[in-house]
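Novice: Quick one: the structure is below, questions incoming.
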Amino acid sequence: MYVIIQGKRIPFRDSVKFLERFKGFMFVLKPIEVGLRFPKRCFLHTYFICQDIDIIMTDKNHKIIKLYPNFASERIIFPKRGVYYTYELPCGSIQKLKVGDILKVKEK
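As structure tokens, this is what we get:
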């Protein structure tokens, strides 16, 4: 699966199991190249994440509700109304997106 942002494909994987959702990008030292998608998650933290990430929160139809570019570690995003999917992507991948855009998601 991947998202298309400004013509660039960014692969991601779904995090649905408890341990996948719990760990996320914690303790990852290598540069992040593959994103994560968390269904039914409107809250997150970046404690123990060793690098900045881009965060996109969308509704069920992939309409962007919130954007957090270059989100630093040791921070919290409190629950947001209407959020269904939360994407954690490599830093610098969401520069030209804006709230209200439809995120292009392709499932293989």
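Under the working numbering, the first residue of the sequence shown is numbered 147, with each subsequent residue one higher. C-beta: ideal position from N, C-alpha, C; glycine also. Owing to the predicted nature of the structure, the values given are computational and were not obtained by experimental measurement.
(1) Are the beta-carbon atoms of Tyr231 and Gly181 separated by less than 8 angstroms?
(2) Rounded to whole angstroms, what's the CA-CA distance from Pro225 to Gly153? Just pull it up for me.
(3) Under a three-way DSSP split, which group does Glu234 fall into?
(4) Please report how far the alpha carbon of Tyr148 lies from the alpha carbon of Arg155, in whole angstroms.
(5) Drop a sphere of 10 angstroms on the beta-carbon of Val229, count the other beta-carbons inside from all chains shown, and report buried for 16 or more, exposed for fewer.
Specialist: Short version:
(1) Indexing the sequence shown from 1 puts residue 231 at position 85. Indexing the sequence shown from 1 puts residue 181 at position 35. The answer is no: Cβ separation not under 8 angstroms.
(2) In the sequence shown, residue 225 corresponds to position 79, counting from 1. In the sequence shown, residue 153 corresponds to position 7, counting from 1. C-alpha separation (whole angstroms): 30 angstroms.
(3) Position 88 of the sequence shown, counted from the start, is the residue given in the question as residue 234. Looking at Glu234 - three-state DSSP - the assignment turns out to be strand.
(4) Taking the first residue of the sequence shown as position 1, residue 148 is located at position 2. Taking the first residue of the sequence shown as position 1, residue 155 is located at position 9. Between Tyr148 and Arg155, the C-alpha separation is close to 6 angstroms.
(5) Here residue 229 refers to the residue found at position 83 of the sequence shown. Per the 10 Å Cβ criterion, buried.
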